[in-house]
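Encoded as structure tokens, the structure appears first; notes follow it.
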Amino acid sequence: RDTVTITDGENQLSFVVTAKFQTLTNLGEGVRLYNDVKLNNIIPNGYSGILIRFNDNPSAGVLSSRIDTLKELYPKATVYDSFGYMKSMIGDIAEPINNLKYLIAPICLMICMLVIVLMERSFISKEKGEIAMLKSIGFRNSSIVLIHTLRIAYIMIVSIIIGAAISLPITNLAAGPCFKMMGMQNVNFIVNIPEVFILYPAAMFICTITAAVLTALCTRKISTSEIANIE
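In this text, residue positions in the sequence shown follow this note's numbering: the first is -14, and each later residue adds one.
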């Protein structure tokens, strides 16, 4: 059986390893002792703090009240909840990173719209003869714009489905090693489903279709006389 030895003042105490756990504290290097163990009350040098675990699963309001009580009992100490403690351990970068998405999302949408415009202009340039032939046999401008828009729409729908399917595996593959370096061997990522799988795909779809429609309107300038451009 595996054991660990802990120095408690002048005493050497041995404990049997009964389970493994993961933590970001001290890059994952730490131990938890069972509740009845008696140790020296002096906090060891270099220890980042005292962790308190409540067995009654308190609500957010009850937890806030208990934190206020601890602050009154220990006015010189800093008391965090679990999220606040993690923010302090990683340099309080969670909020700036979360706000960064509001800058990245519009930039990504603009890039996608520019790509759609370039693609559609390229299609129109290569298909002038075919567009002219469609007009000569009775297709209206609105029908031709619809054909070009639906082509982009089909591609976008397939791309969104594929992106949604591989998003979680790619997240684990890309971000998992970063947390492993900090002591977490297995991280369960909390995904905001309405935002990730509904809001952003819908915004992407609307912006790209809008760009496709506006660019496809250029087909109105093509006359039936350009039917001779068919290769």
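Just so it is clear, CB atoms sit at the ideal spot from N, CA and C, and this is done for glycine as well.
Q) Excluding sequence positions up to five away, which residues of its chain have a Cβ less than 8 Å from the Cβ of Y87? A) Contacts found: none.
Q.
Closest to I191 by C-alpha separation, out of I207, I145, T209 and G15, would be which residue?
A. Across the set I207, I145, T209 and G15, the C-alpha of I145 shows the shortest separation from the C-alpha of I191.
Q: Tell me whether V130 is buried or exposed, calling it buried when 16 or more other Cβ atoms sit within 10 Å of its Cβ.
A: Taking all protein chains shown into account, V130 has 16 or more neighbouring C-beta atoms within 10 Å of its C-beta and is therefore buried.
Q: Could you work out which residue in I35, T193, K23 and T8 is closest to D(-7) when comparing CA atoms only?
A: Comparing Cα-Cα distances from D(-7) to each of I35, T193, K23 and T8, the minimum goes to K23.
Q) Does the beta-carbon of I101 have 16 or more other beta-carbons within 10 angstroms, so that it is buried, or is it exposed? A) Of the residues assessed, I101 falls on the buried side of the cut-off, its CB having 16 or more other CB atoms within 10 angstroms.
Q.
Is the beta carbon of T3 closer than 8 Å to that of Q(-3)?
A. No, these two residues do not count as a Cβ contact at 8 Å.
Q) CA-CA distance, K72 and R125? A) About 59 Å.
Q | Boundaries of the alpha helix (DSSP H) in which F68 is found, first to last residue | A | Element bounds for F68: S67 to M74.
Q: Hey, could you find the ends of the beta strand (DSSP E) L(-2) is sitting in?
A: Element bounds for L(-2): N(-4) to V1.
Q. Which of helix, strand or coil does DSSP assign to D(-7)?
A. In the three-state reduction of the DSSP assignment, D(-7) falls in the strand class, which pools E and B.
**Q.** K165 versus I96: straight-line alpha-carbon distance, rounded
**A.** Taken atom to atom, the span from the alpha-carbon of K165 to that of I96 is near 33 Å.
Q.
Checking 8 Å against the spacing of the C-beta atoms, do R136 and T200 come in under that value?
A. Cβ distance not < 8 Å, so R136 and T200 don't count as in contact.
Q) What's the gap between the Cα of G123 and the Cα of F182? A) So the two alpha carbons sit approximately 41 Å from each other.
(Q) With distance defined between alpha-carbon atoms, name the residue in N171, A187 and Q170 nearest to I178. (A) Closest by C-alpha distance to I178, out of N171, A187 and Q170, is A187.
**Q.** Span separating the alpha-carbon of P160 from that of Y65
**A.** Note that residue 160 is Ala in the sequence shown here, rather than Pro. Taking the CA atoms as reference points, A160 sits about 25 Å from Y65.
Q: Give every residue of the same chain whose Cβ lies closer than 6 Å to the Cβ of V176, excluding the five residues on either side of it in the sequence, and list them in chain order.
A: Here the set comprises nothing.
(Q) From the DSSP secondary-structure annotation, give me the bridge partner or partners of T(-12). (A) According to DSSP, T(-12) shares a beta bridge with V1.
Q. Span of the alpha helix (DSSP H) holding M104?
A. From DSSP, the alpha helix (DSSP H) with M104 extends over A79 to K111.
Q. Could you give the C-beta distance for S121 and I207, rounded to a whole number, given that I count them as a contact under 8 Å?
A. Contact doesn't hold; Cβ gap of about 11 Å is too wide.
Q: For A150, count neighbouring C-beta atoms within 10 Å of its own C-beta (all shown protein chains included) and say buried if the count is 16 or more, exposed if not.
A: With fewer than 16 other Cβ atoms within 10 Å, it is exposed.
Q. Looking only at its own chain, which residues have a Cβ that is under 8 Å from the Cβ of I194, when we skip the five neighbours before and after it?
A. Within the same chain, Cβ atoms closer than 8 Å to the Cβ of I194 are found at T134, I137, A138 and M141, the five residues on either side in sequence being excluded.
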